[in-house]
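According to UniProt numbering, the sequence shown holds residues 1 to 540 in order.
By construction, the Cβ of each residue, glycine as well, lies at the ideal position given by its N, Cα and C atoms.
Computed from a predicted structure; not experimentally measured.
What follows is a set of notes on a single structure, which appears directly below.
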Amino acid sequence: MTESCEICYTEPADWETDTIEEHLLHAHGDAQPSVRAIYGDRFAGLFEDGADAVADADGPDPSGGDAPGDPGGADDLGPVSMDDDGEMYGRKWFLIGIGGAGNNIVDAVLMRRDTLARNHEDRARIWQGGLAGYGLLNTNIAELEQTYYTKELKEYSRNDLLSNSIIGFGKHGYSGMGYRWSNGAKVAEADFADGSNPFRDRWDMTSQDIRDAQAVMLVHSVTKGTGCGATPVIAEKLREEVQESGLVIDQAILSSVVIPSEGGQQSAVGGRAKTNGVIGLSRISRSADAIIPFNNDHLRQASTDIHPRIEGIDRYNPPEFSDLNKPLVAFLEAFTMSSTPQLTDRDATMSIRGSVFDVADSFRLVEDKYPHDMAPEERPAVVLAPALGRLRSDDISESSLELLARNTLLQNRLADFDPSTAWGGNFMIYGPEEQMSDISEYVTDGTLQEILNGEEFLDAGTRSGVETVDVQVNQLVIPYLDDVFMWGTLWNPRMPSLESMYEHAKRLKDEGQSVQAEDIRDVWNEVQPLFDCLGRSNML
């Protein structure tokens with residue numbers, strides 16, 4: 001019996017062709033990343049050996065509009081730029097979900113992608129240029145077995161997972177690391193011992209796909225052992241073993257990380273999650289360029305205005321996290337959209353246009369404000385505090401933009417931060433053409449920037465040194481949205497939850513006599529630089 005298509009979820013009776021191979025060429029010839037991800041065993045024969053057929057393949061004609069209450073989104077693929085060899089380039093992310101939290105979040109991204117594709121939404125094209133590839137890694141095989149990635153995208157057996165997605169293959173019992181970050185680090189290091197390279201030899205992600213992306217996004221938590229301990233090792237090995245040497249500027253590595261909630265269950269049970277958080281953030285800050293921290297308390301409080309529609313999330317995400325992951329996915333979608341115009345075909349029906357910025361624009365400006373005598377290898381990652389707001393109004397005025405800024409920076413902060421202590425920020429405002437034509441005037445004449453710089457928000461006039469508080473404002477026209485959205489990252493602000501974690505770890509370092517205290521002392525030279533750069537008082 002002929003199989004159904006796992007990209008568009010159609011049955012053979014609905015195809016204009018007779019075989020799955022012909023269907024992939026005809027219906028998905030302009031969606032090679034999806035074909036490669038889902039039909040890797042057929043990809044070479046279809047697109048490398050059969051390139052002439054691809055040129056003649058007709059892609060689907062996506063249609064459809066915005067879903068109520070749904071911020072801009074991403075996935076089912078569309079044409080992107082191609083080089084002379086027919087390979088796609090310029091795609092934004094290679095996503096790697098590490099540990100239980102990272103697996104769930106990347107799962108949610110992929111389900112969101114497929115939700116848009118199934119419903120033939122124009123926004124589905126955004127992830128076409130957004131994803132160069134993706135993969136899940138974990139030490140706990142039981143967690144991996146329950147994922148959408150495993151069950152529906154890959155249809156992996158337990159043996160498949162051992163070779164394709166397990167960290168520390170053959171080095172432990174595949175039941176997770178608990179709260180022992182040092183064990184997570186050890187099993188990840190074991191994968192690379194004696195010249196081994198699981199990116200090349202084993203894991204379900206190719207080095208070329210990773211290098212094709214503008215940046216690698218590692219998605220994880222720093223509460224338990226795998227996300228906290230293994231992720232920094234994997235980031236370091238990405239630099240050493242996968243990324244091309246000799247480049248003038250390295251490919252960016254970003255970390256989207258869930259940090260322990262202040263007063264939440266993890267911090268209520270004691271200090272282990274807090275010390276893991278300090279150690280995990282500090283260690284990843286040595287290899288990553290930027291860290292985007294998300295806090296479950298703030299994700300829980302985020303308005304339903306930024307809860308995208310994700311079919312299947314209640315089945316594959318644990319019940320306590322499915323709603324928390326929705327605003328996080330919405331934030332990542334908007335970040336992905338920030339460079340969409342250069343990624344999508346100019347004849348595409350989306351008609352997105354406006355000012356765009358690449359991944360590096362999010363953090364390199366901030367690096368210039370670090371002390372000049374701090375060696376490059378000692379500079380910690382920039383912290384990008386996330387926010388995403390929505391304006392439900394056809395009336396665009398200065399007061400309505402103030403309302404949008406308040407919704408974004410005060411009500412829909414996705415982590416605990418004080419905007420008035422940030423070194424600056426990068427913002428993107430986007431929406432339908434009618435509203436954006438009015439907003440454009442406020443962007444051009446500097447009104448929106450003045451609002452963001454005001455005392456209620458970034459308070460840019462208050463600073464102690466000679467460095468300025470820089471605010472970048474970008475705008476995009478997205479014709480199929482109903483409302484206006486503001487996405488933002490604030491650079492190196494004070495974050496009370498992180499400060500609480502740091503103070504707990506410092507007391508343990510100074511006064512503790514336990515094994516945990518000695519572990520903190522061993523890595524303190526990695527901890528201090530990150531926390532020394534948070535808050536405007538530390539901006540020169």
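From the DSSP output, read off the bridge partner residues of residue i.
i      : result
SER256 : VAL219 and ILE292
TYR430 : LEU476 and PHE485
ALA390 : The residue you asked about is not Ala; residue 390 is Arg in the sequence shown. Answer is PHE485.
GLY425 : VAL471 and LEU490
ILE166 : ASN138
ARG283 : According to DSSP, ARG283 bridges with nothing at all.
Which of helix, strand or coil does DSSP assign to residue i?
i           : result
ASP470      : strand
MET111      : helix
SER175      : strand
ALA53       : At ALA53 the pLDDT is 39, less than 50, meaning the model places this residue with poor confidence; the figure from the coordinates comes in the next sentence. Helix at ALA53.
ALA385      : strand
TRP203      : coil
GLY271      : coil
PHE94       : strand
ASN453      : helix
ASN138      : strand
LEU131      : strand
ARG413      : strand
THR231      : helix
LYS369      : coil
ILE396      : coil
GLY277      : helix
PRO198      : helix
PRO318      : coil
ALA334      : helix
ASN104      : helix
ASN119      : coil
THR10       : coil
ASP305      : helix
TYR502      : helix
residue 545 : For residue 545 there is no data in the structure shown, the boundaries of the chain being 1 and 540.
THR19       : coil
Less than 8 Å between the CB atoms is what I'm expecting for residue i and residue j, so what's the real figure, rounded?
i      : j      : result
PRO386 : THR489 : 6 Å
MET111 : ILE310 : 5 Å
ARG42  : GLU21  : 6 Å
TRP15  : ALA215 : Contact flag wrong, Cβ pair sits at about 36 Å.
ILE429 : ILE439 : 6 Å
GLY133 : GLY178 : With a Cβ gap of about 30 Å, GLY133 and GLY178 do not count as contacting.
Would you kindly work out how many angstroms separate the C-alpha atoms of residue i and residue j, rounded to a whole number?
i      : j      : result
ILE96  : TYR370 : 29 Å
PRO479 : TYR149 : 31 Å
LEU238 : LEU410 : 36 Å
GLY227 : ASP395 : 45 Å
PRO198 : ILE167 : 9 Å
GLY135 : SER282 : 24 Å
VAL527 : ILE291 : 14 Å
LEU508 : SER464 : 32 Å
HIS28  : ILE105 : 26 Å
LEU116 : LEU131 : 14 Å
LEU540 : ALA422 : 13 Å
ILE279 : SER256 : 16 Å
SER175 : ALA101 : 15 Å
MET205 : ALA188 : 16 Å
ARG392 : ALA517 : 50 Å
ASP459 : SER420 : 5 Å
ALA193 : ARG180 : 20 Å
ILE98  : ASN407 : 31 Å
SER287 : LEU401 : 37 Å
ILE313 : ASP510 : 44 Å
ALA302 : ARG413 : 7 Å
ARG390 : VAL484 : 6 Å
ASP470 : GLY425 : 7 Å
LEU144 : ARG315 : 14 Å
MET337 : ALA360 : 14 Å
ALA44  : LEU25  : 12 Å
ASN525 : ALA375 : 14 Å
What do you get for residue i, buried or exposed, if any count of 16 or more other CB atoms within 10 angstroms of its CB means buried?
i      : result
ASN462 : The question names Asn, but residue 462 in the sequence shown is Thr. Exposed: under 16 other Cβ atoms inside 10 Å.
ASN140 : buried
ARG200 : exposed
PRO327 : buried
SER437 : exposed
SER63  : Residue placement at SER63 is poorly supported in this model, since its pLDDT is 26, which falls under 50; the coordinates still yield a value, given next. SER63 is exposed by the Cβ-count criterion.
THR304 : exposed
PHE357 : exposed
THR223 : buried
Please confirm whether any heavy atom of the ligand SAM lies closer than 7 Å to the CB of residue i.
i      : result
ILE284 : Questions concerning the ligand SAM fall outside what the structure shown contains, since it holds no ligand whatsoever.
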